[in-house]
Amino acid sequence: MLWMIINQLQASQTKITNIEHKVETKMSKIDDKLESKMNKLSEKDDKLNKKITDMEKKQMDKLGKQLSDFETKMRENNEKINDLKNDINIIKKYMKKNCNTGWKRFNNHCYMFRYDRLTWHQAKLECENNKAYLVKIETSAENRWISNEITFRAS
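Here you go:
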């Protein structure tokens, strides 16, 4: 009877060993599959990171070109602005010159006072012949100055 129990125990031991071996084999296969999946995920991650890096580089190159173009246009516009400032200064210097003989200066404008009796149209034509305009009063200071000039000449 002891012999039977020992045989049964050995059979049970063999079955347990076989089951352990099967479990180890399955665990090893699962580990292999898991490692394979992890490797594939790592490869995909590397590819995605490379794509992201490439996209970032393209965007940086594009932004760099846009910035360069903007800086070029800004320099060109600054040159144009400086040219315009120079033109304005030349015009200001020209305007500060004395008025022609018989004309009076007020506020960078030249005025001619005539006391001929002309119609409005005749006076306008005379002004146009002198490349001028009939008086166009824009400020109260200009109005006072003209009034003073007329009063002074009339007296």
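With the numbering used here applied, the sequence shown corresponds to residues 81 to 235, in that order.
No residue lacks a Cβ here, since even glycine has one placed at the ideal position from N, Cα and C.
According to the DSSP assignment, Lys177 belongs to no alpha helix (DSSP H), since it is labelled neither H nor E. Here Glu222 is not near Asn180, since their CB atoms are 9 angstroms or more apart. Under the three-state reduction of DSSP, Lys211 is assigned to coil, being neither helix nor strand. The beta-carbon distance between Lys184 and Glu229, rounded to whole angstroms, is 7 angstroms. This is short enough to meet the 8 angstroms contact definition. Rounded to whole angstroms, the separation of the alpha carbons of Lys102 and Lys120 is 27 angstroms. Taking 8 angstroms as the upper bound for CB-CB distance, Leu198 and Glu206 are in contact here, some 7 angstroms apart.
Within the same chain, and ignoring the five residues on either side of Gly182 in sequence, the residues whose Cβ sits closer than 7 angstroms to its Cβ are Met192. DSSP places Phe186 in the uninterrupted beta strand (DSSP E) bounded by 184-186. According to the DSSP assignment, Tyr191 belongs to the beta strand (DSSP E) that extends over 189-191.
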